[in-house]
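*Asks:* So the sequence lines, in the order shown, correspond to chains A and B. Heads up: the first sequence begins at 0 in numbering that gives the first Met the number 0, then just goes up one per residue. Heads up: the second sequence begins at 0 in numbering that gives the first Met the number 0, then just goes up one per residue. Just so you know, even glycine gets a beta-carbon here, dropped at the ideal spot from N, CA and C. This structure is a prediction, so every number in the text was calculated from the model and none was measured. Here it is, the structure, as structure tokens.
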Amino acid sequence: MRNLLHFFLKYLSWLVFTIYVTISVVILVKNNPYQQHVIMTSAGSMTASVYYATNSVTSYFNLHDINEDLQRRNADLEAEAIALRTQIRSLREQLYADSMTVVEALSPYTFIIGSVINNSIYRPYNYITVDKGEADGVKPEMGVVDQNGVVGIVNIVGPHFSRIISLLNPNFRLSCKLRGSDVFGSLVWDGKSPETALLEELPKHTVYQPGDTIVTSGYSAVFPEGIPVGTVISAHRGADDNFFTLRIKLLTDFARLSTVRIIATPLIEEIQEVEQDIQEPQTKF
Amino acid sequence: MTKLVIKFAIFFVLIVLVQVTVFNHLVLFGVAVPMFFIWWLLRLPLTLNANWALTCGFLLGLTIDVFSDTLGMNALACTIIAALRHPVLHLYFPREEDLTDPEPSFRTLGPAVYLKYLITLTVIYCTIYFMIEAMSFFNPIRLIMCITGSSILTFILIAAIDSITGKQREKRL
């Protein structure tokens, strides 16, 4: 009887072990980033508040570099603003009879400024947590950029925090094109380095120069057209010879991400409604 | 008994906080990640029922997973480590009944046995963790570098912090 009891107890811990291993494997295998509950991610209120408290201290460490980036970006924008102002003036002169203003028609986008409270770059699937959530108007599938370029896309939204799928995540494919041409492909991270990614599915006749800028194509409502993403380093021949693959140096420095802008567009629902009938095996943003 | 439970509960909260706020961001050369939190699991009393040890391991792994968005990876590896604690210790210390204090440490097991116990389980942990990670991008050189780098870093950290805290306790006594 005692032996039997002992045997049963031994068997019981094997059973417990099997149950835990099964649970772990199940949540590991069906790790679909779009179907996780908010509690099980870093956007959950408890997890996020821990990161929020930490970030209130650590966010000061990168300020010098971020300031430099902002100054450079500011200079670029100022130059652009001057160029645009000149252009608008000349357009206005040409169309003075027409009452329509050009600028208003071009800005259906608004930004929500968020601060990064948790970020990873060395895992195979990287995510970013920011301190803006549903209460601030963030919705899933909104695009996220910083002062240098594209960062990712909003994935899971909690009441005050949300999780972003980083560009450094193979679940995220971004439709991009070479600046100045209409040749487009899709950008995907290959897990090698947090500084580079691959631009795949380019047509074979693509003409490029190392150093060319890659921008978003604007083929979806998530990112407006022309947001910088990276620069071309070299050609990278993939297994499939029908298409061309380029290695891209990403402009966003994911190692010291601090403030990001979430792109809110009122058109997103309208465009999604129109595209609802199209069934694609993999969603591109 | 209750004192021990409270002590390990506080220890759990502290080690999770330290891991997610400090050590998760302390990645050396892009390969060596300190898995410091397994220290808690390795320090659990050896007299603890196997089922409870497995539960503790699973919960620790899951908590770390939720914080670092790696659902399932640490939970699986921690459960396996919790199950392997006794067999590994048996390799180096066959007479477990002789222990005066059930908590494995430098003092109870002696430095040689304790360090061997630490390094073996750390290497097993890092191997399991990075093997799971390699299911997404298989890169043998990176895999080996990750396992070696993380094992060494984790082992050094745990051994160092363990010896500091152990000495303090002795002084107090």
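1) Could you confirm whether any beta carbon from chain B is found closer than 7 Å to the beta carbon of THR17(A)?
2) Nearest CA to the CA of VAL150(A): which residue from GLU67(A), ALA47(A), TYR50(A), ILE226(A)?
3) To the nearest angstrom, how far is it from the Cα of HIS24(B) to the Cα of SER119(A)?
4) Look at the alpha carbon of VAL15(B) and the alpha carbon of ASP252(A), and state the distance between them as a whole number of angstroms.
5) Does any residue of chain B bring its CB to less than 7 Å from the CB of GLY190(A)?
6) Interface residues of chain A around PHE10(B) at Cβ under 9 Å?
7) Could you work out which residue in ILE116(A), LEU256(A), ILE262(A), HIS235(A) is closest to ASP68(A) when comparing CA atoms only?
8) Taking Cβ to Cβ, would you say VAL137(A) is nearer than 7 Å to ILE262(A)?
9) Could you spell out where the alpha helix (DSSP H) holding ASN50(B) opens and where it closes?
10) So which residues of chain B does ILE186(A) contact, with C-beta pairs closer than 8 Å?
11) Pull the bridge partners of LYS248(A) from the DSSP assignment, please.
12) Where are the beta strand (DSSP E) runs, 3 residues long or more, that stay fully inside the region 112 to 194 of chain A, in chain order?
13) Shorter than 7 Å from the beta carbon of THR212(A) to some beta carbon of chain B?
14) Identify each residue in the region 115 to 138 of chain B for which the Cβ-Cβ distance to at least one residue of chain A is less than 9 Å, and report them in chain order.
15) For TYR124(A), which residues in chain B fall below 9 Å Cβ to Cβ?
16) Report the residue from SER41(A), SER48(A), LEU62(A) whose alpha carbon sits nearest the alpha carbon of LEU61(B).
17) Identify each residue in the region 20 to 35 of chain B for which the Cβ-Cβ distance to at least one residue of chain A is less than 9 Å, and report them in chain order.
18) Quick check: the Cα distance between PRO169(A) and PRO209(A), rounded to an integer number of angstroms?
19) Pop quiz: PRO193(A) and LEU173(A) are said to be a contact at Cβ under 8 Å. What is the actual Cβ separation, rounded to whole angstroms?
20) Are the region 100 to 117 of chain B and the region 141 to 161 of chain A touching, with three or more C-beta to C-beta distances below 8 Å?
21) Would GLU200(A) pass as a contact of SER219(A) if the rule is Cβ separation under 7 Å?
22) Go ahead and label GLY157(A) buried or exposed: buried means 16 or more other beta carbons lie within 10 angstroms of its beta carbon, across all protein chains shown.
23) Only counting the same chain, and skipping five residues up and downstream in sequence, which positions put a Cβ closer than 6 Å to that of ASN117(A)?
24) Could you work out which residues of chain B lie near THR46(A), taking near to mean beta carbons separated by less than 7 Å?
25) Can you name the start and end residues of the alpha helix (DSSP H) that THR119(B) belongs to?
26) At least one CB of chain B closer than 7 Å to the CB of SER216(A): is that the case?
27) Measuring from the CB of ALA111(B), is there a heavy atom of the ligand ATP at a distance below 6 Å?
28) Return no unless some Cβ of chain B is closer than 7 Å to the Cβ of TYR59(A).
29) Could you say if the region 55 to 72 of chain A and the region 103 to 120 of chain B meet the contact criterion of at least three C-beta pairs nearer than 8 Å?
30) Identify the contact partners of VAL20(A) in chain B, using a Cβ-Cβ distance below 8 Å as the criterion.
31) Check whether the Cβ of THR251(A) lies closer than 7 Å to any Cβ atom in chain B.
32) For MET0(B), is the classification buried or exposed, using 16 other Cβ atoms within 10 angstroms of its Cβ as the cut-off for buried?
33) What residue range is occupied by the uninterrupted beta strand (DSSP E) comprising ALA263(A)?
34) For the candidate residues TYR124(A), ALA196(A), SER180(A), VAL187(A), whose alpha-carbon lies nearest to that of ILE163(A)?
35) If distances are taken between C-alpha atoms only, which option among ALA133(B), ALA158(B), ALA8(B), TYR128(B) comes closest to THR78(B)?
36) With distances taken from CA atoms, which of SER180(A), LYS29(A), PHE243(A) is nearest THR69(B)?
*Replies:* Let's see:
1) Here residue 17(A) refers to the residue found at position 18 of the first sequence. No, THR17(A) lies away from the interface with chain B (no Cβ there is under 7 Å from its Cβ).
2) Within the first sequence, residue 150(A) is the residue found at index 151, counting from 1. For the residues GLU67(A), ALA47(A), TYR50(A), ILE226(A), the minimum Cα distance to VAL150(A) belongs to ILE226(A).
3) Within the second sequence, the letter at position 25 stands for residue 24(B). Within the first sequence, the letter at position 120 stands for residue 119(A). About 8 Å.
4) Along the second sequence, one-based indexing puts residue 15(B) at 16. Along the first sequence, one-based indexing puts residue 252(A) at 253. Going by the C-alpha atoms only, they are around 28 Å apart.
5) Start at 1 with the first residue of the first sequence, and residue 190(A) comes out as number 191. Taking Cβ atoms only, chain B reaches closer than 7 Å to GLY190(A), which makes this a yes.
6) Reading the second sequence from its first residue, position 11 is the one you call residue 10(B). None at all; the shortest Cβ gap to chain A is about 17 Å.
7) For the purposes of this step, residue 68(A) is taken as residue 69 along the first sequence, with counting starting at 1. For ASP68(A), the nearest C-alpha among the options comes from LEU256(A).
8) To locate residue 137(A), count along the first sequence from 1; it is residue 138. To locate residue 262(A), count along the first sequence from 1; it is residue 263. No, the pair does not count as a contact, with Cβ atoms beyond the cut-off.
9) Locating residue 50(B) in the second sequence gives position 51, counting from the first residue. Counting along the chain, the alpha helix (DSSP H) containing ASN50(B) begins and ends at 49 to 67.
10) Start at 1 with the first residue of the first sequence, and residue 186(A) comes out as number 187. It should be pointed out that residue 186(A) corresponds to Leu in this sequence rather than to Ile. Within chain B, no residue comes near LEU186(A); the closest Cβ sits about 17 Å away, beyond 8 Å.
11) Start at 1 with the first residue of the first sequence, and residue 248(A) comes out as number 249. Looking at the DSSP assignment, LYS248(A) forms a beta bridge with THR195(A), THR230(A).
12) 126 to 129, 142 to 144, 149 to 156, 161 to 165, 173 to 177, 183 to 187
13) Walking along the first sequence from the start, residue 212(A) turns up at place 213. Cβ-Cβ to chain B under 7 Å: no for THR212(A).
14) ILE131, GLU132, ALA133, MET134, SER135, PHE136, ASN138
15) Against the first sequence, residue 124(A) aligns to sequence position 125. Those are ASP68, THR69, SER135, listed as they occur along chain B.
16) Within the second sequence, residue 61(B) is the residue found at index 62, counting from 1. Of the listed residues, the one whose Cα sits closest to LEU61(B) is SER41(A).
17) THR20, VAL21, ASN23, HIS24, VAL26, GLY29, VAL30, VAL32
18) Along the first sequence, one-based indexing puts residue 169(A) at 170. Along the first sequence, one-based indexing puts residue 209(A) at 210. Approximately 24 Å, taken between the alpha carbons.
19) Taking the first residue of the first sequence as 1, we reach residue 193(A) at position 194. Taking the first residue of the first sequence as 1, we reach residue 173(A) at position 174. At roughly 16 Å, the Cβ-Cβ gap does not stay under 8 Å, so PRO193(A) and LEU173(A) are not in contact.
20) no
21) Residue mapping note: residue 200(A) aligns to position 201 of the first sequence, counting from 1. Residue mapping note: residue 219(A) aligns to position 220 of the first sequence, counting from 1. Not in contact: GLU200(A) and SER219(A) (Cβ atoms no closer than 7 Å).
22) Residue numbering aside, residue 157(A) sits at position 158 when the first sequence is read from its first letter. GLY157(A) comes out buried.
23) The residue you call residue 117(A) lines up with position 118 of the first sequence. Correct list, in chain order: SER41, TYR50, THR128.
24) As a working note, residue 46(A) is residue 47 in the first sequence. Result: VAL65, PHE66.
25) As a working note, residue 119(B) is residue 120 in the second sequence. Unbroken alpha helix (DSSP H) run through THR119(B): 110 to 132.
26) The count along the first sequence starts at 1 and reaches residue 216(A) at position 217. No, no contact with chain B.
27) No copy of the ligand ATP occurs in the structure displayed, which carries no ligand at all.
28) In the first sequence, residue 59(A) corresponds to position 60, counting from 1. Answer no: the Cβ-Cβ gap between TYR59(A) and chain B never drops below 7 Å.
29) no
30) Within the first sequence, numbered from 1, the residue matching residue 20(A) stands at position 21. Within chain B, the residues near VAL20(A) are LEU75, THR78, ILE79.
31) Counted from its first residue, the first sequence places residue 251(A) at position 252. It does not; no Cβ of chain B falls within 7 Å.
32) As a working note, residue 0(B) is residue 1 in the second sequence. It counts as exposed.
33) Here residue 263(A) refers to the residue found at position 264 when the first sequence is read from its first residue. It spans 258 to 263 - the beta strand (DSSP E) in which ALA263(A) sits, taken as one unbroken run.
34) Mapped onto the first sequence, residue 163(A) falls at position 164. Looking at the Cα atoms, TYR124(A) is the closest of the given residues.
35) Along the second sequence, read from residue 1 onward, the residue named residue 78(B) stands at position 79. If we check each option's Cα against that of THR78(B), TYR128(B) comes out closest.
36) On the second sequence, residue 69(B) is found 70 positions in, with the first residue counted as 1. Per the Cα distances, LYS29(A).
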